[in-house]
Structures are given as structure tokens and as C-alpha cells.
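Counting from 1, one number per residue, gives the positions in the sequence shown under full-length UniProt numbering. Ideal Cβ placement from N, Cα and C applies to all residues, glycine included. Heads up: the structure comes next, in C-alpha cells.
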Amino acid sequence: MEQAVILCEKIGRHSIKYYFEEIMQRSHLQSKSRKVTRWNAFIRCEVARHNSVLPEGAKQLKPSDLMPEICVHWKELSEEQRVSKTQKSMVEIEQLLKMKELAGHHTMQNAFSDAQKTLEKIDRKGNDLDGEEQSPPSAPIQQPPSSDSTKPNSPSATQGRKQPAEAQPPLNVIFSVSGSSMPVQKKQHKERSDKGKKRSPRKLATADAAPPIICYHSPLIIPTGTPPAPLPYATL
Numbered sequence: 001m002e003q004a005v006i007l008c009e010k011i012g013r014h015s016i017k018y019y020f021e022e023i024m025q026r027s028h029l030q031s032k033s034r035k036v037t038r039w040n041a042f043i044r045c046e047v048a049r050h051n052s053v054l055p056e057g058a059k060q061l062k063p064s065d066l067m068p069e070i071c072v073h074w075k076e077l078s079e080e081q082r083v084s085k086t087q088k089s090m091v092e093i094e095q096l097l098k099m100k101e102l103a104g105h106h107t108m109q110n111a112f113s114d115a116q117k118t119l120e121k122i123d124r125k126g127n128d129l130d131g132e133e134q135s136p137p138s139a140p141i142q143q144p145p146s147s148d149s150t151k152p153n154s155p156s157a158t159q160g161r162k163q164p165a166e167a168q169p170p171l172n173v174i175f176s177v178s179g180s181s182m183p184v185q186k187k188q189h190k191e192r193s194d195k196g197k198k199r200s201p202r203k204l205a206t207a208d209a210a211p212p213i214i215c216y217h218s219p220l221i222i223p224t225g226t227p228p229a230p231l232p233y234a235t236l
């Protein structure tokens, strides 16, 4: 309480009760303690009785481990037996509650525990940071130099690059057939237009300016019995 008075005089922002609760590490929330019942006293008495029979070093039993057996035993007792069995336990529980309410906390021990937990967290965080510093750094990303070579149409950028082939016109327009200057497309169109016309007979010219001989594409019919006369040389 003396320390709470000193803090209140030195700081003066809160009351003496506030600083006293802070020193004693009490909660500021309003909490109400439940009334002690004979059922709770009977559970405490039965758990203590079962644990007293256990051998030394054995694991202590909890109320949840003995709850079915305690319930059966509680139902078998009369009202007078319940009062007689729980009278002593009721007094002990009330004394424990008063002691818990008025007893002082181990302030130094709690402060030591808090500082120990804080130092453990700091040590763990420091080890993590130390491991990150010892890991090999990743290779830095090199940025390309800002020069004319980075431009797509600069001479230095297109020097070692293969130039695309020039666009050529369609094949049926650039080439001709048999040295003729007429494009293939137009010539094919002319041949298609000539299919419906009647072809005129071709004239054969002799070497000595003889009268021309008309030659049709139909097969030549030669009568039997007489040898055929030799035809003059003709050029188509």
C-alpha cells in the first residue's frame, strides 16, 4: 500500500486503489465469487480421500476422473449424512477463498517470469535474424544499359539480327510461261475464254513455197492398195 501511495503522489493520474491493484496484479474486471455449496465440498472431500490412498509418485486423480462414482455415492446419502460429511470441507473452502482474496501476490517472482519469457522471445527472434543474414544473398537483377542499342530500330540493335525477307507478289503474277510477257493469271483467263470458240485449221507452209496443205487434227485415213504419197515437210 505504501508503494501505491508513493506512485499516486508522484504520478497523480489515478487513485491509490488503482496503483495498489496494479502492484498486486489484480484484474480490473468486476468478478463475483460463487457461494460455496455442499456438493462442491463433497467433491473436494472425495477426491482428497482417493488421492490419499494412491502410492507415492503416482499420478493424482482429478474430479472428472471420479465424477460417475461420486454421483452414485452422493445420491445414496441422506441429508443428515451430507451435512456431516461436508461440514469440515465447507470451512476449508471458505478459508481458501478469503486467503486468495487478501493474500499478496509474489510480485518479484511474477516480474521475473515475465522478464524470462520476454528474453526468450528476443533470443528466438535474434536467432532467426542471424540465420537470415548468414544465408547467401540472391543474385541481383542486372538492368540493361540505357543506350541506343536497346531501341528496336537502331543500327546497333539490327546489326546482328537477321533481316526479314521482302514481301513478294503472288506467283501467278510475276512469272510467265514460255517467255511470254503475259502473266499466268491473264493467260489462263484467255485460254478459258478460247475454249468455247471454234478453232481454225492450221496452215502448213512448205520449204519451196508450195501451195499450203490444210491439215486437220482428225486422224489421216489412207486407202488400202496404194502406197501413201509422202507429205511435204511442214512446221507447226
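Going by DSSP, ILE11 is part of no alpha helix (DSSP H) at all; its letter is neither H nor E. Burial of VAL47 is indicated by the presence of at least 16 other C-beta atoms within 10 angstroms of its C-beta. Between CYS45 and LYS85, the C-beta gap is smaller than 8 Å, which places the two residues in contact. Counting along the chain, ARG38 sits inside the alpha helix (DSSP H) bounded by residues 38-53. Check the Cα spacing between ASN40 and each of ILE93, CYS8, GLN81 and GLN60: the tightest is with ILE93. Of the residues ARG38, LEU119, LEU61 and PHE112, the one whose Cα lies closest to the Cα of GLU79 is ARG38.
Our two residues, MET108 and ILE23, have alpha carbons roughly 10 Å apart in a direct line. The DSSP assignment places 63-76 as complete runs of the alpha helix (DSSP H) inside the segment 51-98, in order along the chain (cut-off: 4 residues).
At a Cβ-Cβ threshold of 8 Å, ILE43 and PRO68 do not count as neighbours. Nearest Cα to SER89 within the set ARG49, GLU21, SER15 and VAL5: ARG49. A check of alpha carbon separations from ARG34 across GLY12, LYS117, ARG13 and LYS98 identifies LYS98 as the nearest. For LYS35, there is no enclosing alpha helix (DSSP H), as DSSP marks it with neither H nor E. By the neighbour-count criterion, in which 16 or more other beta carbons inside 10 Å mark a residue as buried, ALA58 falls on the exposed side.
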